[in-house]
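Chains as they are written, first to last, in the working numbering: chain A, 87 to 970; chain B, -13 to 222. Please read the structure below before turning to the comments.
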Amino acid sequence: MLFKKTLREIREHFGQFFAIFAMVALASMIYMIVTAYSGGMKNNCDQFYKENNLPDLWAYGEIDAEILKNIQNTPGVAGAERILTVRGSTKIDGEEDEIPIDITFTDPDVDTLTVNTFHVTAGSDYDANADGLWLSRMFAENHNIKVGDDFTVTYEGYDITKPVLGIISVPDSVYKTADENTIFQDASKYGWIYLSMNSFPEEYIYDEAIKTDAVQDFLEGAADLEDSVSQLTETGLTEAEAWKQVKAAAEIDEKTDLQRAVQLSSKIMDKSAALSDKADFIRAFDSEFSLQDAYVFSTCIIDVDGLAPGILEKGDKGFSAKLSDTKKAVSIIDGVDAVTDRESCYSFVAYKSECEEGDTYSVMFTGIFVFIAILAVITTMNRFVKQQRIQIGTLKALGFRKKRVIRHYLSFGFYVSIIGVIVGDLIGYFVLADVLVKMEADTYDVPGLSKYFDYTNFIAAAVIILCIVIVAYLSCSKILNESAAQTLRLEVPRIKMKNRDGGSGLTSRFGFSTKWNLRDIKRSKARTAMGIVGIMGATLIIVLAYGMMDSFDRYIQWNFDDIPHYQYSMSLSKNITEKELAALYDAYGDATTETVVITYKNAKGELVDATVTVNDSHGMLRVSDNNIQTHDIEDGIPGSTVGNVDDDGAIIVTGKLLKKMGMKLGDTVEWQPAGSDAWYSSKIAAQGRHPQMQQFSMTRKAYEGLGLRYEPDTVFTDADLSDTSAGDLDGVESIASVETLKKQLQDMLQTFNVMISMFIILAGLLGLVIIYNMGILSMSEKTYQFATLKVLGFRVRRIRRIYEIQNIWIAVVGIILGLPAGFYFTDYIFKYSIGDNYDFFATVDLSTYLIAIGFMFGVTLLTNWILGRKIKTIDMVTALKANE
Amino acid sequence: MANKVSLKGVSKIYKTGSTEFKALDNVDLDIEAGKFVVILGPSGAGKSTLLNLIGGMDTPTAGQVIVNGEDITHFSDNQLSDFRARSIGFIFQFYNILPSLTVRENVELINEIVKDHRDAAEAIADVGLAEHMNKFPNQLSGGEQQRVSIARAIAKNPALLLCDEPTGALDSTTGVMILKILKKQCSEERGNNTVIVVTHNALIADIADVVIRVKNGRIVKVEENTKPLDVEEVQW
Chain A
87 MLFKKTLREI REHFGQFFAI FAMVALASMI YMIVTAYSGG MKNNCDQFYK ENNLPDLWAY
147 GEIDAEILKN IQNTPGVAGA ERILTVRGST KIDGEEDEIP IDITFTDPDV DTLTVNTFHV
207 TAGSDYDANA DGLWLSRMFA ENHNIKVGDD FTVTYEGYDI TKPVLGIISV PDSVYKTADE
267 NTIFQDASKY GWIYLSMNSF PEEYIYDEAI KTDAVQDFLE GAADLEDSVS QLTETGLTEA
327 EAWKQVKAAA EIDEKTDLQR AVQLSSKIMD KSAALSDKAD FIRAFDSEFS LQDAYVFSTC
387 IIDVDGLAPG ILEKGDKGFS AKLSDTKKAV SIIDGVDAVT DRESCYSFVA YKSECEEGDT
447 YSVMFTGIFV FIAILAVITT MNRFVKQQRI QIGTLKALGF RKKRVIRHYL SFGFYVSIIG
507 VIVGDLIGYF VLADVLVKME ADTYDVPGLS KYFDYTNFIA AAVIILCIVI VAYLSCSKIL
567 NESAAQTLRL EVPRIKMKNR DGGSGLTSRF GFSTKWNLRD IKRSKARTAM GIVGIMGATL
627 IIVLAYGMMD SFDRYIQWNF DDIPHYQYSM SLSKNITEKE LAALYDAYGD ATTETVVITY
687 KNAKGELVDA TVTVNDSHGM LRVSDNNIQT HDIEDGIPGS TVGNVDDDGA IIVTGKLLKK
747 MGMKLGDTVE WQPAGSDAWY SSKIAAQGRH PQMQQFSMTR KAYEGLGLRY EPDTVFTDAD
807 LSDTSAGDLD GVESIASVET LKKQLQDMLQ TFNVMISMFI ILAGLLGLVI IYNMGILSMS
867 EKTYQFATLK VLGFRVRRIR RIYEIQNIWI AVVGIILGLP AGFYFTDYIF KYSIGDNYDF
927 FATVDLSTYL IAIGFMFGVT LLTNWILGRK IKTIDMVTAL KANE
Chain B
-13 MANKVSLKGV SKIYKTGSTE FKALDNVDLD IEAGKFVVIL GPSGAGKSTL LNLIGGMDTP
47 TAGQVIVNGE DITHFSDNQL SDFRARSIGF IFQFYNILPS LTVRENVELI NEIVKDHRDA
107 AEAIADVGLA EHMNKFPNQL SGGEQQRVSI ARAIAKNPAL LLCDEPTGAL DSTTGVMILK
167 ILKKQCSEER GNNTVIVVTH NALIADIADV VIRVKNGRIV KVEENTKPLD VEEVQW
């Protein structure tokens, strides 16, 4: 019977119970969504890493067969393969610009890949002897490229056109961006392919061979050699004899087919040689020349014996010690320049931090909504049991045991929250998790990325229900624990005021309305506190929603307007010649940087991989101080510089990295460039900040002061390169436009609008529920007092003002507390829930605060208006009779 | 003497869903100024309804209500508020004083709405609470709280003092004290106020100038008491 009563009363008070239901449903739904997609991301990716063997180590150098063998024989190494990854580009129909493509050439001697293997979505598996390429799944889907289609990439001006043999995903390319300035993976603007080194453009190799000094010397003297042969034949020597004598006289290798080489040299010199001519020429020049010998592999991907820790998986016990030993052992192999582990793999780190962000968000946002639900429960149940007072008394008087009555009233919270949890979880898991997983699947290349049911949802559901039931109990325990007789008497607020307050207290000096409201607040501390917290929470959500947008705008300004004082950056080819570089300088200026991969020793003496940007950009690539003001590196960082940044070896460190290093400004850090045996000591001369790269920087002078050679790899320019592609410029691998990168990011951030809209709706809902409930509670407590005022002759408008002013005070206090709380919450999210590489912070514009203030006042005035109307309808007779 | 209150053919019907309840049925009544009037009747007879209509707390379903020369039958909410403020002092069984205001502040509340009010301290002194001026209601006994309620009512200088079971929640000694104060309001010294007391305590009828008996929503008898007793003389 009581169950029927429960259901009917929930129906009767649908509005309030729906608010609790909605908050509980939202809380459990958010937890479910985040765990479902975040759990799916972790599990599916771990499986992908395991099945397709994400490398544990990456060794860099010119990895020839001997070095490879040494690596393979190193204790702890379970497998090692060589690759060469270079930056190329492709032209897609309908696309204005060329799209950068990373081309990875595999070792043709390896029949079956064992490290970083292909997950084939369509087409065939890897085959070293097959003539074709394997294309990134996301890129293929984005550009509708199918197996069997011909795909052309251009590397250093050399086209490679091959049929697509397979559409694939590989574990080290779950998240890859075109360059370090791009934050989000965008498969429409960037892609990658794999193919055997057998497909490497032969002409490139021959051209490189022709560029060597020996060949160039030969070409320059070829005409003289031919003249010598002519002169000798005129003396009566046979042509063969003449060539023989000339070869001997010029001390040319016996095996060289001098005649053929000289014959082709004119074609080579006048650039009319076809590929076959170049091949013939090189083979004539060097009979031992082999294409295979010319292949260069810059990277060796290594699988260390045992299971490495993934995102969720902890990996084998002792694995990290083994990894460290193996890393050390590989790094000392002759020819190995540097060795990095998964922590330096951008894809691995970015994906892991995305998963960690998910964990933070799930706890944080679930917490917010549970908190809101609790507030709604407190206010609703308080109000509800007050309305039910006589019924509670009647039940008790009828002989219902206290426990039974308590259980009955707890059942309201229980049923509503259990339905909320079930509905929230069902919608979360079956509808919204799919939407989020799809969004993540569009961003991350994890095969079969699907949602995952996390058992902690059961715990979360139980905790949420328990919280609601406990809060419901606490909200109504006072009435429920009264005796039947007490409960049957209608509640007259027990107001205990001290004489001091009335006689000479501060409140006695105010007018009636102020005095009455201040004393009402004083005796209703809990209700007032709940109102303040509720409004604070709603204000916080609005500031958070808009503050996130403000902060992203500030981040974009910092990253794309303040730091780069250039329009375009050109990534230089590794093989750029002095002549090509000089030509670039002439055309576009000599603002350059070089990124040097290093290993440094942190405060504990551990070896950590990092990069140093050697900055010779003449102020075009600027460094930031702690206040996000940017400066030419030559000027140091005002306020954070010790000594001179141009001193030999002086190094600048970003704040977060400095903290991670366990060092401070003025300390000395030891570091070793990749590929070098030498260690260098650098004084940390300045501390800066960077939004997305925690790294070292040096001036060119400081770098060269250590005796190191500066070899720029990027040129910055303000020239308009909108109609220029990398292929148009010799020695340039890719061109990035700051404006384009900025626009891409801004487009990506449009999705945040959806989230912000959701937040605003929630803030509004929260504000309305809390303020309305508080108002109703306050109204029901004061009804008889308002009736008394009416009887005395106070006009309704006057009473409304008295009533409304208190709500306005509460709103003002809630808003005042909510504004900074919103800022700090936004700041917390930006600082702590994103990856270590990022240095974000909250920037909240004045307009955001004004919007929050306006919105919350709007909600307050609206609820005041709705509730204030009730004063007019207070029936003095009934209200005062009820008091009796 | 002129009529202070005049009810002509007044009916009051309460509707709950499809059910109608006739609380007053075609009541005609005249009350002269300066009288101490007691309305007697069993529970549900309609005596409180009668009081509420006279006090402008409720409006009749039919008929005409004239108080102090004003026809309040069709007054708007604001007009009724103003009417109550200027003409009526109410005293209830459960005092209805504001718990968060002190004795003085409760009485001074009148200053907010009535221009021609009495001095609050004087009104409080009249009811014998001068020493408790700065106390809060929870620091007073029931009788003292009722006296605060009376002080608040008389501070308005009302033409009509309406009391709904003013002694219902009090012991007899305190009840006597309250009745003495109320009776005093009809004296010349206090300006010949009209006091109407609703009660079902028949003993109070002995001190009244006029006794009106109500039953089933009708006035069954109006008795003039030519020799009303002093409050002290009544055997409580």
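Using N, Cα and C, we set each Cβ at its ideal position, and we do this for glycine too.
The Cβ atoms of arginine 168(A) and cysteine 386(A) sit closer than 8 angstroms to each other. Contact annotation: in the region 49 to 79 of chain B, residues whose CB is within less than 8 angstroms of a CB in chain A are Asp63, Asn64, Ser67, Asp68, Phe69, Arg70, Ala71, Arg72, Ile74, Phe76, Phe78 and Gln79. Excluding the 5 residues flanking it on each side, tryptophan 329(A) has same chain C-beta neighbours closer than 7 angstroms at Val315, Leu344 and Gln345, in chain order. Using a CB distance cut-off of 8 angstroms, lysine 90(A) does not count as an interface residue toward chain B. Annotated three-state conformation of tyrosine 123(A) is helix, per DSSP.
Asparagine 701(A) has its alpha-carbon roughly 37 angstroms from the corresponding atom of histidine 229(A).
It is roughly 7 angstroms from the alpha-carbon of threonine 869(A) to the alpha-carbon of isoleucine 960(A). Taking the Cβ atoms as the reference, valine 731(A) lies roughly 6 angstroms from alanine 788(A), within the contact range of under 8 angstroms. Only buried fits methionine 127(A), as 16 or more other CB atoms lie within 10 angstroms of its CB. Using a Cβ-Cβ cut-off of 8 angstroms, aspartate 44(B) counts as an interface residue toward chain A, since at least one Cβ of chain A sits closer than that to its own. Of all C-beta pairs linking the region 275 to 288 of chain A to the region 212 to 231 of chain A, three or more are shorter than 8 angstroms, placing the two stretches in contact. By the neighbour-count criterion, in which a residue is buried when 16 or more other Cβ atoms sit within 10 angstroms of its Cβ, lysine 232(A) is exposed. Per the Cβ contact rule, the region 129 to 139 of chain A is not in contact with the region 456 to 469 of chain A (fewer than 3 Cβ pairs under 8 angstroms). Residue contact with chain A for serine 173(B): absent (no Cβ-Cβ distance below 8 angstroms to any residue of chain A). Listed along chain A, no residue sits closer than 9 angstroms to leucine 115(B) by beta-carbon distance, the nearest being about 13 angstroms off.
With its beta carbon at least 8 angstroms from every one in chain B, arginine 640(A) lies outside the interface. Within chain B, no residue has its CB atom less than 7 angstroms from the CB of glycine 954(A), the nearest being about 14 angstroms off. Residue pairing from DSSP places glutamate 56(B) in a beta bridge opposite Val53(B). Glycine 510(A) is a Cβ neighbour of serine 114(A), given a cutoff of 8 angstroms.
The beta carbons of lysine -2(B) and threonine 47(B) sit about 5 angstroms from each other, so the pair counts as a contact at 8 angstroms.
In the DSSP secondary-structure assignment, threonine 180(B) is bridged to Leu146(B). DSSP places arginine 173(A) outside any alpha helix (DSSP H); the residue lies instead in the beta strand (DSSP E), whose first and last residues are 163 to 176. Taking a beta-carbon distance threshold of 8 angstroms, leucine 36(B) does not count as an interface residue toward chain A. Here the region 611 to 630 of chain A lies against the region 894 to 914 of chain A, with 3 or more beta-carbon pairs under 8 angstroms apart. Closest by C-alpha distance to alanine 155(B), out of Ala145(B), Thr185(B), Leu66(B) and Ile140(B), is Thr185(B). Contacts with chain B (Cβ-Cβ distance below 9 angstroms) from the region 876 to 900 of chain A involve Lys876, Val877, Leu878, Gly879, Phe880, Arg881, Val882, Arg883 and Arg884, listed in chain order.
Runs of the alpha helix (DSSP H) lying entirely within the region 773 to 837 of chain A, each at least 4 residues long, are 786 to 790 and 824 to 835 in chain order. Alanine 669(A) sits away from threonine 803(A), with the two beta carbons spaced by 8 angstroms or more. Within the same chain, and ignoring the five residues on either side of serine 536(A) in sequence, the residues whose Cβ sits closer than 7 angstroms to its Cβ are Gly126, Asn130 and Val523. Chain-ordered listing is empty here: chain B has no CB closer than 8 angstroms to the CB of methionine 865(A), the nearest sitting near 16 angstroms.
In this structure, the CA atom of lysine 472(A) is about 8 angstroms from the CA atom of isoleucine 565(A). For isoleucine 99(B), the closest Cβ of chain A is nearer than 8 angstroms.
Take lysine 745(A), set aside five residues on each side of it, and no residue of its chain has a beta-carbon closer than 8 angstroms to its own. Under the 8 angstroms criterion on CB atoms, leucine 95(B) is classed as interfacial with respect to chain A.
Look at threonine 874(A): its C-beta is under 8 angstroms from a C-beta on chain B. The alpha-carbon separation between serine 503(A) and proline 257(A) amounts to approximately 42 angstroms.
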